[in-house]
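*Asks:* Heads up, the sequence shown stops at 398 in the working numbering, and the numbers go up one at a time, no gaps.
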Amino acid sequence: MDVSVELFLENGYDRTTTRQILQRADILNGSLYNIYHGKEEIFADIISEALNDSVRESEKYLDNPTFLDKVGFPLILMIYISFRSQRLAELLAVAHSKWDIMLRILDIMMKWVEDNDVDGIVDTGSEEFKVRMYMCLGAMGNILEAISRGPSTISERNMIMTVIRMLLDVFELPTDGVEERVDTIYRAISGNDIVICGIHL
């Protein structure tokens, strides 16, 4: 996994091969294929681990978080790291373009929201909730794809605000204090040593 992360960061997803992973990890074909069928499965595990890491990081750095803080943190973190590394933006965009990986992301995010909706703000057991989550992740894929193409004319803060406003609209949440909530989440991310898949952000 560590070797794969290194190669994906060096070469990008498309230019990384299973053979390169095998060579750098110094393992035989059979050893890899006992666990994975190819690089997409490895990449899917890396993305899942990264998202789970981001969820754990939010628990460390958010004091008295609101529902919006908890749901927004992993998405804002994606924007934050994408603005700092075009390669990471590319990798996140690739993840959002692959159906199997998107379903994993959806499951992790749905579980995260369900576990943190202590006030029953959304009906997490409904099919509508799943559709709303999928809408948010689809929009995130488009945003990450745009960032991955190069410098954006939209500032990082405005991009983050767009994501938060999307969450508010999709989940029909009140907009009171949204600027303060964005600042709170952003300070938590930018003011701490966040570690995702062993990478210090």
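Backbone N, C-alpha and C define an ideal beta-carbon position, used for all residues, glycine too.
Going by DSSP, what residues sit across from residue 392 in a beta bridge?
*Replies:* 397
*Asks:* May I have the straight-line CA-CA distance separating residue 272 from residue 261, to the nearest angstrom?
*Replies:* 19 angstroms
*Asks:* At the level of alpha carbons, what is the spacing between residue 230 and residue 208?
*Replies:* 22 angstroms
*Asks:* Taking 8 angstroms as the cut-off, decide whether the C-beta atoms of residue 269 and residue 382 are in contact.
*Replies:* yes
*Asks:* Quick check on this structure: which residue in 330, 388 and 318 has the alpha carbon closest to the alpha carbon of residue 360?
*Replies:* 330
*Asks:* Can you round the beta-carbon distance between residue 298 and residue 244 to whole angstroms, since I take them to be within the 8 angstroms contact cut?
*Replies:* 6 angstroms
*Asks:* What did DSSP end up calling residue 313 once you bin it into helix, strand or coil?
*Replies:* It is helical.
*Asks:* Only counting runs of 4 or more residues, tell me where the alpha helix (DSSP H) segments fall wholly within the stretch 329-377, in order along the chain.
*Replies:* If we require 4 residues or more, the alpha helix (DSSP H) runs fully inside the stretch 329-377 come out as 353-367.
*Asks:* Three-state secondary structure (DSSP) at residue 308?
*Replies:* helix
*Asks:* Rank 385, 394 and 396 by C-alpha distance to the C-alpha of residue 255 and give the top, closest one.
*Replies:* 385
*Asks:* Leaving out five residues on either side along the sequence, give the residues of the same chain with a beta carbon under 7 angstroms from the beta carbon of residue 247.
*Replies:* 393 and 394
*Asks:* Is the CB-CB distance between residue 339 and residue 267 below 8 angstroms?
*Replies:* no
*Asks:* Quick check: the Cα distance between residue 198 and residue 239, rounded to an integer number of angstroms?
*Replies:* 7 angstroms
*Asks:* My output table needs one value for residue 198: the three-state DSSP class, helix, strand or coil.
*Replies:* If DSSP states are grouped into helix, strand and coil, residue 198 belongs with coil.
*Asks:* Are the CB atoms of residue 286 and residue 345 nearer to each other than 8 angstroms?
*Replies:* Yes. Within cutoff.
*Asks:* What is the DSSP secondary structure of residue 320, counted as helix, strand or coil?
*Replies:* coil
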